[in-house]
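Trainee: All residue numbers for the sequence shown refer to the numbering used here, where the first residue is 36 and numbers rise by one.
For each residue, glycine too, the CB sits at the ideal point set by N, CA and C.
A quick note: this is a predicted structure, and the numbers were derived from the prediction, not measured.
Pasting a structure here, questions to come.
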Amino acid sequence: MLMNIESVVAKKKFGQNFLKDQSVLRKIVEAMPKNENKLVEIGPGLGDLTKFLVDVRSVEAFEVDTDLCKLLQSTFKEEIATKRLHINCGDVLQAWQSSLVDEPYDLVANLPYYIATNIILKALADPMCKNILVMVQLEVAEKFCATAGEKVFGSLGIIAQSVGTAEIVTKVPPTAFDPQPKVDSAVFLIQKTADRSDKEFEDMLRVAFTQPRKTLMKNLSQKYDKTLLKEAFDKLELIHTIRPHQVSTQDYHQLYKII
Ligand code: SAM
């Protein structure tokens, strides 16, 4: 039997926190980059954001919960018939090959938090994905949008800055959702100008941040030649006691080229 929206019980295992605050939904739509790209929504849930998105452009949606899939198919009968919306029922991570869809797209979604970082990293590597506008846990958004010098600046911020620009659109309190999550959330936007592709650069970042409060020199010297490192630091005018979060994205790329 098909449920109705009132009888839906949120499933914790799928990270279901439904966004109910209409002002936040409107802010997401207003922040969308203006272009002709397809829209991809991961986790449409009860369809609150989907309603806004199908009014803007056609939407490809991915929903893992089969109960919600059936509900969406009934709520959006007309949009599906007129091809404004296509729903893929299943795990988006399983469906994701090198590209999630075969045309340029913008990812716009209130993501399931338990796999949000993984989804964003996949979208950054996906050549068809052009922009990412997503709601995630505030702490995760701050990491992607951090700049050099901030305590939370690390691999995620450097990867985001290496492929484009990242900015927080709005912070969102737990009261905007039903059920309410335990943490604060934020919507942020990454506008891509390149794709994440350099695995060796990211391997270097992993070494650079193994012990974030230690010096960058100490972390890097676990894997790289110390004499070469000293020469590289001097060339880039980096003091030898600098901490990993104090070095700019540009300097990380220079350092990578040298070592
Ligand atoms: N977009 C809705 C909203 O804003 O109210 C729901 C957002 S809720 C935070 C996350 C949604 O992602 C849920 O509908 C959940 O079932 C779905 N989801 C969780 N894991 C998923 C996966 N692996 N693939 C596709 N959808 C998933």
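Count the C-beta pairs between the segment 91-100 and the segment 59-74 that are closer than 8 Å, then say yes if the count reaches three, no if not.
Mentor: yes
Trainee: Looking at V187 and ligand 1, is the gap between the Cβ and the nearest heavy atom below 7 Å?
Mentor: no
Trainee: Taking C-beta to C-beta, are G199 and K217 nearer than 8 Å?
Mentor: no
Trainee: For the alpha helix (DSSP H) containing K265, list its first residue and its last residue.
Mentor: K261 to K270
Trainee: Does L135 come out as helix, strand or coil in the three-state DSSP assignment?
Mentor: coil
Trainee: Hey, L146 and V171 are a contact pair by Cβ (cut 8 Å); roughly how many whole angstroms apart?
Mentor: 6 Å
Trainee: Find the nearest neighbour of C180 within the set L81, Q215, L128 and L224, judged by alpha-carbon distance.
Mentor: L224
Trainee: Using the Cα positions of A45 and P214, report the straight-line distance between them to the nearest angstrom.
Mentor: Take the alpha-carbon of A45 and the one of P214: they are about 7 Å apart.
Trainee: Taking 7 Å as the limit between beta carbons, can you name the residues of its chain near W131, skipping five residues before and five after?
Mentor: K157
Trainee: If you follow the beta strand (DSSP E) that D141 is in, where does it begin and where does it stop?
Mentor: Where D141 is concerned, the enclosing beta strand (DSSP E) stretches over Y140 to N145.
Trainee: At a threshold of 7 Å, does L88 count as lining ligand 1 (C-beta to nearest heavy atom)?
Mentor: The answer is no for L88.
Trainee: Taking the runs of the alpha helix (DSSP H) that are 4 residues or longer, which of them lie wholly in the segment 68-156?
Mentor: 83-91, 101-110, 112-116 and 127-130
Trainee: If we ignore side chains and look at the alpha-carbon of each, how far apart do D100 and G80 end up?
Mentor: CA-to-CA, the gap between D100 and G80 works out to about 8 Å.
Trainee: Output the distance between the C-alpha atoms of A66 and L168, rounded to the nearest integer angstrom.
Mentor: The alpha-carbon atoms of A66 and L168 are separated by roughly 8 Å.
Trainee: With G82 and L54 assumed to form a contact (beta carbons below 8 Å), what rounded beta-carbon distance in angstroms separates them?
Mentor: In this structure G82 is not in contact with L54, their Cβ atoms being roughly 11 Å apart against a cut-off of 8 Å.
Trainee: Quick one: Cα of F111 to Cα of L120, how far?
Mentor: Taken atom to atom, the span from the alpha-carbon of F111 to that of L120 is near 8 Å.
Trainee: So what does I167 bridge to, in DSSP terms?
Mentor: L142 and I225
Trainee: Per the contact definition of three or more C-beta pairs closer than 8 Å, is the segment 204-213 in contact with the segment 236-253?
Mentor: no
Trainee: For L159 and R61, which I take to be in contact (beta-carbon distance under 8 Å), what is that distance rounded to the nearest angstrom?
Mentor: Between R61 and L159 the Cβ distance is about 26 Å, and since that is not below 8 Å, they are no contact.
Trainee: Give a yes or no on whether the C-beta atoms belonging to A151 and V175 are separated by under 8 Å.
Mentor: With respect to V175, A151 sits close: the two C-beta atoms are nearer than 8 Å.
Trainee: What I want to know is whether the C-beta of D56 ends up closer than 7 Å to one or more non-hydrogen atoms of ligand 1.
Mentor: no
Trainee: By the DSSP assignment, the alpha helix (DSSP H) with L174 in it spans what residues?
Mentor: Here residue 174 turns out to be Glu, not Leu, going by the sequence shown. Start and end: L173 to C180.
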